[in-house]
Amino acid sequence: MKRGLVCEPEVHEMSHGSKRRGLYVGRFQPYHNGHNAVIDSIAHDVDELIIGIGSAEISHDLRHPFTAGERVLMISRALKNIDIPIYIIPLEDVKRNALWVSHVKSMTPPFDTVYTSNPLVIQLFREAGITVTSPPMYQREMLSGTSIRARMIAGENWDECVPPEVADVIREIHGIDRIRQIAKTD
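Sequential numbering from 705 applies to the sequence shown in my numbering.
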């Protein structure tokens, strides 16, 4: 049997001289130009990037209208021309925050830096002894999933807030119709 192909203990610390691999976690509901700007910035710091799609098990509600698979499609199409390897991994929520970092580590390739501006995520990874970097947010007032979904419901211009490839995916899956239907009241 060849070494390296058997089940070996998982190590999440990058060895000296290894490629730098970062982790960026978000819900991406939908993936938008702010996410794109953050990833472009992170790509200058790392050799490889893991993108964790948070709340992967939730879809078809106002806060989480898109499935994990639809979000994978949005992100992979939007990043098709990026110059570093990207790993897109759906991550289900864990109901106990103290266990979340272990869960993420069990679902991803090894990484040495987490990129996030989420205060809870920062706290959890720092408590686990993992380096955390907070990238700047871009046009946060306009570029948030909440504001983009509100624009979709209201029939306002939303596609200027997302990469063209993401707008195409949302149209393909009839995402606007879905969000408007979910937003209806009895």
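Ideal Cβ positions, reconstructed from N, Cα and C, are used throughout, including at glycine.
In this text the structure is predicted, and so the values were computed from the model without any measurement.
Residue i - DSSP class collapsed to helix/strand/coil
i      : result
HIS720 : Its pLDDT being 43, under 50, HIS720 is placed unreliably in this model, and the value from its coordinates should be taken loosely. Residue state, collapsed to three classes: coil.
GLU712 : Annotation note: pLDDT 34 at GLU712 (below 50); position unreliable, coordinate value reported separately. The answer is coil: DSSP assigns GLU712 none of H, G, I, E or B.
LEU803 : helix
THR850 : helix
LEU828 : helix
LEU777 : helix
ARG767 : coil
GLY726 : strand
VAL873 : helix
ILE880 : helix
VAL808 : helix
GLN885 : helix
PRO647 : Residue 647 falls outside the range modelled here, since the chain spans only 705 to 890, and no answer is possible.
PRO867 : coil
Presumed contact (8 Å Cβ cut-off) between residue i and residue j, rounded CB distance
i      : j      : result
VAL818 : ILE793 : Contact doesn't hold; Cβ gap of about 14 Å is too wide.
VAL729 : LEU777 : With 8 Å as the limit, VAL729 and LEU777 do not qualify as a contact, their Cβ atoms being about 18 Å apart.
ILE743 : LEU753 : 7 Å
GLY738 : MET841 : 6 Å
VAL805 : LEU783 : The pair is not a contact, with the Cβ atoms about 25 Å apart (cut-off 8 Å).
LEU766 : ARG853 : 7 Å
SER838 : SER821 : 5 Å
Sheet register partners of residue i (DSSP bridge)
i      : result
ILE793 : GLY756
GLY859 : In DSSP, GLY859 forms no bridge with anything.
TYR819 : TYR728, THR837
Per-residue burial, residue i [other beta carbons within 10 Å of its own, 16 or more giving buried]
i      : result
GLN733 : buried
PRO867 : buried
ALA802 : exposed
PRO823 : exposed
GLU869 : buried
GLU774 : buried
HIS768 : buried
GLU714 : Unreliable positioning characterises GLU714 in this predicted model, as indicated by a pLDDT of 39, which lies under 50. The coordinate reading is nonetheless provided below. Answer is exposed; the Cβ neighbour count stays below 16.
THR889 : exposed
ALA858 : exposed
ILE786 : exposed
THR812 : buried
ALA772 : buried
Residue i Cβ short of 8 Å to the ligand MG heavy atom set
i      : result
SER851 : Ligands in the displayed structure: none, and consequently the ligand MG is not present.
is_contact[residue i, chain D] using C-beta, thresh 9 Å
i      : result
VAL873 : Of the protein chains in this structure there is only one, and it is not chain D.
What beta strand (DSSP E) runs, 3 residues minimum, are completely inside the region 738 to 762? As far as the region 738 to 762 is concerned, its whole beta strand (DSSP E) runs of at least 3 residues are 752 to 757.
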